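Residue numbers (this note's numbering): 16 to 274.
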Amino acid sequence: MSNKPIGIFDSGVGGTSIFKEIHELLPYENFIYLADSKNAPYGDKSKEDIVRFSKKNTELLLNKGCKLIVVACNTATTNAISFLRETYNVPFIGIEPAIKPAALKTKSKAVGILATKGTLSSQLFHKTTDLYASNIKVVEQIGEGIVPLIEAGELESDEMRTLLETYLKPMIAQNIDYLVLGCTHYPYLIPILSKILPEGVKIIDSGLAVAKQTQAVLSNNSLLNMDKKAPSIKLYSNGNSEILDAILNERFNTSYLDF
Numbered sequence: 016m017s018n019k020p021i022g023i024f025d026s027g028v029g030g031t032s033i034f035k036e037i038h039e040l041l042p043y044e045n046f047i048y049l050a051d052s053k054n055a056p057y058g059d060k061s062k063e064d065i066v067r068f069s070k071k072n073t074e075l076l077l078n079k080g081c082k083l084i085v086v087a088c089n090t091a092t093t094n095a096i097s098f099l100r101e102t103y104n105v106p107f108i109g110i111e112p113a114i115k116p117a118a119l120k121t122k123s124k125a126v127g128i129l130a131t132k133g134t135l136s137s138q139l140f141h142k143t144t145d146l147y148a149s150n151i152k153v154v155e156q157i158g159e160g161i162v163p164l165i166e167a168g169e170l171e172s173d174e175m176r177t178l179l180e181t182y183l184k185p186m187i188a189q190n191i192d193y194l195v196l197g198c199t200h201y202p203y204l205i206p207i208l209s210k211i212l213p214e215g216v217k218i219i220d221s222g223l224a225v226a227k228q229t230q231a232v233l234s235n236n237s238l239l240n241m242d243k244k245a246p247s248i249k250l251y252s253n254g255n256s257e258i259l260d261a262i263l264n265e266r267f268n269t270s271y272l273d274f
């Protein structure tokens, strides 16, 4: 089992930000990545649809022999991971907005969170926020329109910058000192966000924490790949697979798959 691949899925290319963190920490692990770009973004879908997409992605990865599955999507995690863990007999790693570290570190007692509607309206997000951020101001912003632009390769477009300036302006006005990225697509925006935000506002995403959790779960289940050889990395998209290569800035074994 230890030589089997790690499976990762997301509503498109955003989860590659998680893949890169895990691959850097665990360079000998094999990977299969699914970009469900045809159904992106998940954030504006119903809970029933998100569970259905997550079930479909999970079963495809299991059929390809994956030993562990990373739900590299905040919306899918908050809406479907409980169902997945109850239904399938493999370890699952989920993604949650990093509200806890932001709440513990803020000095201005105000933090911003940029996320999808599906994440911000979920019970899991509200439970986490109530637990760790009840004594601070949390400025929430739905990132409507961001994921489609990234999926279309418009990462550095004028439209993207205008959209981000509109979303960040109310947060800046409320004196946030941390911005939490609540979608795995959003780390690719950090260079642009850094130019818009005032100096001193720190940006937090969940990538490294997820990679460390993946390593810990593999280790605890004796699933770490001990072979020190070049890994097999396969990426599949049911949308434009060229966007995967462009956003990763590296050529992997990327191909179109109708799923």
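Think of the CB as a built atom: it goes at the ideal place given N, C-alpha and C, for glycine as much as any other residue.
All of these numbers come straight from a predicted model, not from anything done at the bench.
Grab me the residues of Ile-262's own chain with a C-beta within less than 7 Å of its C-beta, minus the 5 sequence neighbours each way, in chain order.
What you label residue 262 is simply residue 247 of the sequence shown in a count that begins at 1. Counting only Cβ-Cβ distances below 7 Å, and skipping sequence neighbours, we find Val-28, Thr-31, Tyr-203.
Assign Tyr-43 to one of three DSSP states: helix, strand, or coil.
As a first step, residue 43 must be located in the sequence shown, where it is residue number 28. If DSSP states are grouped into helix, strand and coil, Tyr-43 belongs with coil.
In its own chain, which residues sit with a C-beta less than 7 Å from the C-beta of Ala-118, not counting the 5 before and 5 after it?
Position 103 of the sequence shown, counted from the start, is the residue given in the question as residue 118. These residues qualify, in order along the chain: Val-126, Tyr-147, Ala-148, Ile-151.
Looking at the secondary structure, which residues open and close the beta strand (DSSP E) in which Tyr-147 lies?
For the purposes of this step, residue 147 is taken as the residue at position 132 of the sequence shown. Note, Tyr-147: premise wrong, no beta strand (DSSP E); alpha helix (DSSP H) at 138 to 147.
Once DSSP output is grouped into helix, strand and coil, what is the label at Lys-249?
Taking the sequence shown and counting its residues from 1, one reaches residue 249 at position 234. It is a strand residue.
Residues of its chain near Glu-39, where Cβ-Cβ distance is below 8 Å and the 5 sequence neighbours each way are ignored
On the sequence shown, residue 39 is found 24 positions in, with the first residue counted as 1. Around Glu-39: Ala-226.
With which residues is Thr-177 paired in a DSSP beta bridge?
As a first step, residue 177 is located in the sequence shown; it is residue number 162 there, counting from the start. None, per the DSSP bridge assignment.
Can you give me the start and stop residues for the beta strand (DSSP E) that Leu-24 sits inside?
Counting from 1 along the sequence shown, the entry for residue 24 is found at position 9. Strictly speaking, residue 24 in this sequence is Phe, with Leu absent from that position. Unbroken beta strand (DSSP E) run through Phe-24: 21 to 25.
Distance, Ser-270 Cα to Ser-256 Cα
As a first step, residue 256 must be located in the sequence shown, where it is residue number 241. As a first step, residue 270 must be located in the sequence shown, where it is residue number 255. Each residue's Cα considered, the two are about 6 Å apart.
Measuring CA to CA, which of Leu-179, Lys-35, Glu-63, Arg-100 is closest to Gly-222?
Taking the first residue of the sequence shown as 1, we reach residue 222 at position 207. Selected option, being the one with the closest Cα: Lys-35.
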